[in-house]
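Participant: The structure under discussion is supplied below as structure tokens; questions concerning it will follow.
There are 2 protein chains.
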Amino acid sequence: MRTTDERKISEFFKALSHPTRIAIVTNLLKNKKCVNDIRDLVKVKQPNISQHLSLLKLNGIVDWHQEGKMRCYYLKNPQLIKDILEILKKDEN
Amino acid sequence: MRTTDERKISEFFKALSHPTRIAIVTNLLKNKKCVNDIRDLVKVKQPNISQHLSLLKLNGIVDWHQEGKMRCYYLKNPQLIKDILEILKKDEN
DNA sequence: GTTATATATTCAGATATTCTAATAAATTAA
DNA sequence: TTAATTTATTAGAATATCTGAATATATAAC
Numbered sequence: 006m007r008t009t010d011e012r013k014i015s016e017f018f019k020a021l022s023h024p025t026r027i028a029i030v031t032n033l034l035k036n037k038k039c040v041n042d043i044r045d046l047v048k049v050k051q052p053n054i055s056q057h058l059s060l061l062k063l064n065g066i067v068d069w070h071q072e073g074k075m076r077c078y079y080l081k082n083p084q085l086i087k088d089i090l091e092i093l094k095k096d097e098n
Numbered sequence: 006m007r008t009t010d011e012r013k014i015s016e017f018f019k020a021l022s023h024p025t026r027i028a029i030v031t032n033l034l035k036n037k038k039c040v041n042d043i044r045d046l047v048k049v050k051q052p053n054i055s056q057h058l059s060l061l062k063l064n065g066i067v068d069w070h071q072e073g074k075m076r077c078y079y080l081k082n083p084q085l086i087k088d089i090l091e092i093l094k095k096d097e098n
């Protein structure tokens, strides 16, 4: 039996606990991208990319908007992601 | 096939992707604690606490030293944990 | 409408994680 | 050495996650 806070925080970490999702998120740091662009950059098959994207969306990390026939995904809070990754890089793990 | 960086970062997140481990880590933020103290604070059975602690140790998040018959666990880089949790709290999720 | 393109969903098998219960190991005190 | 205390390990069942393959859906262009 744990607090809501502990669960929310651990859910956030779990959402980022897969190398492919880290790759997606770091690619989105620069700018929004559509699914097939992400697929090409991350080099993972499209259905799998979509699966990871939907998990990231479910956890409030990304969102998307339609542009023509493409879905553009973007980080909902890029500064948050940037700050956390920055701290981790500094830690020199 | 992912980069070493992506794997390391996702491993770090995975280590923190469980509510019990978040509870452990936030309790250790204040000061080091022995296993049974953690058990009492986090309210999880001792073997399970030990399992989570060993995972946190494996991932370089905690370490321990012996004090009499007790093992005192502490955060290896408390500032890192503090900073990341601080950022998440600010984000008001 | 049809076609092509872009993306999402579903299913199933493989793998990983989690918890509990039981037990083992290590340390200290007597 | 024995007993008590503290912590770790193991095994097994339940659950969750991950991936690939196949398929479905949505949008735009024609």
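Those sequence lines, one after another, are chains U and F.
Here the first sequence stands for residues 6 to 98, numbered as in this note's numbering.
Here the second sequence stands for residues 6 to 98, numbered as in this note's numbering.
Even glycine gets a Cβ: it sits at the ideal position worked out from N, Cα and C.
Here the structure is a predicted model, which means the values were calculated and not measured.
#1: Do we get a CB-CB distance below 7 Å when we pair U:Lys19 with the residues of chain F?
#2: Would you grab the beta carbon distance between F:Leu61 and U:Phe18 for me? Rounded to a whole angstrom, and I think it's under 8 Å.
#3: Can you give me, in chain order, the residues of the region 21-36 of chain F that have a beta carbon less than 8 Å from any beta carbon in chain U?
#4: Between the region 65-80 of chain U and the region 31-45 of chain U, can you find at least three pairs of beta-carbon atoms closer than 8 Å?
#5: Is the CB of U:Ser4 under 7 Å away from at least one CB in chain F?
#6: At 4 residues or longer, and completely inside the region 16-66 of chain U: list those alpha helix (DSSP H) runs for me, N to C.
#7: DSSP has F:Glu146 in a bridge; who is on the other side?
#8: What residues of chain F sit near U:Asp88, judged by a beta carbon separation below 7 Å?
#9: Shortest alpha-carbon distance to F:Thr31 belongs to which of F:Pro83, F:Asp10, F:Asn53 and F:His57?
#10: Using the Cβ count rule (16 or more neighbours within 10 Å means buried), how would you classify U:Leu34?
#11: Between F:Ile27, F:Ile66 and F:His70, which has its C-alpha nearest F:Val49's C-alpha?
#12: Who are the near neighbours of F:Lys87 in its chain, counting only those whose CB is closer than 7 Å to its CB and skipping five residues on each side?
#13: What does the Cβ neighbour count give for F:Leu80, buried or exposed, with the cut at 16 atoms within 10 Å?
Facilitator: Reading it off the structure:
#1: yes
#2: That pair is no contact at about 13 Å.
#3: Leu21, Ser22, His23, Pro24, Thr25, Arg26, Ile27, Ala28 and Thr31
#4: yes
#5: Given a span of 6 to 98 for chain U in the structure shown, any question on residue 4 of chain U remains unanswerable.
#6: 24-35, 40-47 and 51-63
#7: In the structure as shown, chain F begins at 6 and stops at 98. Residue 146 of chain F is therefore absent and cannot be evaluated.
#8: Ile92
#9: F:Pro83
#10: exposed
#11: F:Ile27
#12: Leu34
#13: buried
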